[in-house]
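A.B. asks: Protein chains in written order, with my numbering: chain A, 5 to 164; chain B, 5 to 164. One structure, pasted below without further comment.
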DNA sequence: ACTGATTTTGACTTACCTTGACTATATAAT
DNA sequence: ATTATATAGTCAAGGTAAGTCAAAATCAGT
């Protein structure tokens, strides 16, 4: 049996289908009123079902004229290699393993030199100065988020 | 729904596009009258949307024949802006502040669209799923590491 | 029934927008 | 000089709307 949260999530996805735009915009209070729930319920739905990992991004503004914008990031299939790398990462990854993935992507010319450097420094142990248990998990998160971003760009075409 | 402040900001940006000059000039009262708002609203817009951080400077004079001039600060050397942003970050930064830096770098064409996305997803709250105290510190670390990487590329390659 | 995870709510907080009364600074007129 | 007029600036109060967080409720598995 679907929960209210499910219905709200479904509603938002319908809005995407109807709109064909890069993002859709809602009023938190209005939406809550429409579903007869507390406004903070909307935040819950966004936090649990419209995350970066699941291919969305959320932007908002408070006060008069406030809004919540939901962006759809990854609609399409990642490129094969990116996809393969993505799955290889799992929920945790060491710095050397991460570097080897980056080298591979560079060799295959899926990323530029600049991008390779950019990714390299973010997954570096020195940048991620936490204790290693957390570090490897976080590194996996970050790297996967970056690969997903790249995959989307590949499919979207050159851009600009 | 956009606010009056949004419309005013938009209007000013249009003036820049039309003018091609280093600065544009407005009369505070006239502009307020055109948008049917209090004159101080104009100050609000300038203070929140035409800051040094976002690459603008404002100059004005009171009294008869008074005016408000808005300058668009064009990027000096790419490296300079990167350094400036780097220092602005400090040891901790929120997601919105990080995003505003990325937007600025993109506007000044120091980073590509792909790179902007790449950086954006890594500084996202959902990617950095720690408690917020650590999160903001880590975000600062990561962002600074990335900016430093870009600065190195500027100096080394001379930029594509 | 008990336990743990997920959902739902509401009180409280924070951010953003708009206005208006008061202040400050030019220029023009006398 | 003094006064009048024309601008712009400041600041705080008032209104609107989203965010946070933890307690309460519900649900699924044992």
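Ideal Cβ positions, reconstructed from N, Cα and C, are used throughout, including at glycine.
Short check: CB of residue 28(A) to CB of residue 12(A), under 9 angstroms?
C.D. replies: no
A.B. asks: Along the chain, which unbroken stretches of the beta strand (DSSP E) at least 3 residues long are found entirely within the region 44-106 of chain A?
C.D. replies: Along the region 44-106 of chain A, the beta strand (DSSP E) occurs as fully enclosed runs of 3 or more residues at 60-65 and 71-76, listed in sequence order.
A.B. asks: Going by beta carbon distance, what residues of the same chain come within less than 6 angstroms of residue 152(B), once the five residues before and after it are set aside?
C.D. replies: none
A.B. asks: Which of the three DSSP states is assigned to residue 112(A) in this structure?
C.D. replies: coil
A.B. asks: Would you mind telling me which residues of chain A sit closer than 8 angstroms to residue 3(B), beta carbon to beta carbon, in chain order?
C.D. replies: Here chain B comprises residues numbered 5 to 164, so residue 3(B) is not present and cannot be evaluated.
A.B. asks: Mind checking which residues open and close the alpha helix (DSSP H) that includes residue 126(B)?
C.D. replies: Going by DSSP, residue 126(B) is part of the alpha helix (DSSP H) stretching over 117-126.
A.B. asks: Please list the partners that residue 157(B) has in chain A, where partner means a Cβ-to-Cβ separation under 7 angstroms.
C.D. replies: Residues of chain A passing the Cβ test: 118 and 121.
A.B. asks: Who does residue 29(B) pair with in a DSSP beta bridge?
C.D. replies: 73(B)
A.B. asks: Could you list which residues in chain B have their beta carbon closer than 9 angstroms to that of residue 98(A), in chain order?
C.D. replies: Those within 9 angstroms of residue 98(A) in chain B number zero; the least Cβ separation is about 17 angstroms.
A.B. asks: If you draw a straight line from the alpha carbon of residue 65(A) to that of residue 41(B), how long is it in whole angstroms?
C.D. replies: If I take the Cα positions, the gap works out to 21 angstroms.
A.B. asks: Drop a sphere of 10 angstroms on the beta-carbon of residue 38(A), count the other beta-carbons inside from all chains shown, and report buried for 16 or more, exposed for fewer.
C.D. replies: Exposed: under 16 other Cβ atoms inside 10 Å.
A.B. asks: Under 7 angstroms, CB to CB, which of the residues in the region 17-49 of chain A have a partner in chain B?
C.D. replies: Those would be none; no residue qualifies.
A.B. asks: Could you tell me the distance, in whole angstroms, from the CA atom of residue 4(B) to the CA atom of residue 9(A)?
C.D. replies: Absent from the structure is residue 4(B), since the part of chain B shown begins at 5 and ends at 164.
A.B. asks: Three Cβ pairs or more, each shorter than 8 angstroms: is that satisfied between the region 105-121 of chain B and the region 86-105 of chain A?
C.D. replies: no
A.B. asks: Check the Cβ of residue 82(B) against every Cβ in chain A and list those closer than 9 angstroms, keeping chain order.
C.D. replies: Ordered by position in chain A, no residue passes the 9 angstroms Cβ test against residue 82(B), which lies about 12 angstroms from the chain.
A.B. asks: Just reading off the alpha helix (DSSP H) that residue 19(B) is part of, what are its end residues?
C.D. replies: In this chain, the alpha helix (DSSP H) harbouring residue 19(B) covers 8-23.
A.B. asks: Pull up the distance between the alpha-carbon of residue 106(B) and that of residue 20(A), whole angstroms please.
C.D. replies: 26 angstroms
A.B. asks: In chain B, what lies closer than 8 angstroms to residue 145(A) by C-beta?
C.D. replies: 131, 132 and 133
A.B. asks: Identify whether residue 180(B) lies in helix, strand or coil by the three-state DSSP scheme.
C.D. replies: There is simply no residue 180(B) to check, as chain B begins at 5 and stops at 164 in what is shown.
A.B. asks: Between the beta-carbon of residue 122(A) and the beta-carbon of residue 150(B), is there less than 9 angstroms?
C.D. replies: yes
A.B. asks: Hey, out of 43(A), 120(A) and 143(A), whose CA is closest to residue 95(A)'s CA?
C.D. replies: 143(A)
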